[in-house]
Ligand SMILES: [Zn+2]
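In my numbering, the protein residues as written are -17 to 93.
This is the structure in structure tokens:
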């Protein structure tokens, strides 16, 4: 759940610092800062168009492969050789063809 904070992150840090100086427990405020930072990270990821990661073990096989595919370098060209089956393709995902990439990634999916 997003933290309902009206302070800026800088103000929050200052608040933590001043609370610490006063000898109070800052654990709660630190938790808040962590939430704000997590929110920043998610916003940044959304802005960059990076898919938000679900836990791999909670994804379906298709989602998992699609996720990894999006993070992979896709090469386009002619006569590209798959490093696993050594057939030629017009595009490769992380150096492998669709079929090999799929099998390779399935082998890495946590169960
Ligand atoms: Zn292949």
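Don't be surprised by glycine CBs; every beta carbon is placed ideally from N, CA and C.
Mind checking whether residue i and residue j have CB atoms under 8 Å apart?
| i | j | result |
| --- | --- | --- |
| residue 8 | residue -2 | yes |
| residue 57 | residue 73 | yes |
| residue 70 | residue 63 | yes |
Hey, out of the options, whose CA is closest to residue i's CA?
| i | options | result |
| --- | --- | --- |
| residue 87 | 63, 60, 53 and 70 | 53 |
| residue 48 | -10, 27 and 75 | 75 |
| residue 42 | -11, -8 and 91 | 91 |
| residue 137 | -12, -10, 93 and -8 | Past the edges of the chain, shown from -17 to 93, lies residue 137, and the structure says nothing about it. |
| residue 50 | 19, 61 and 89 | 89 |
Does the beta-carbon of residue i have 16 or more other beta-carbons within 10 angstroms, so that it is buried, or is it exposed?
| i | result |
| --- | --- |
| residue 78 | buried |
| residue 15 | buried |
| residue 82 | buried |
| residue 24 | exposed |
Please list, following the chain, all residues that have a C-beta closer than 7 Å to any non-hydrogen atom of ligand 1.
64, 66, 67, 69, 78, 79, 81 and 82
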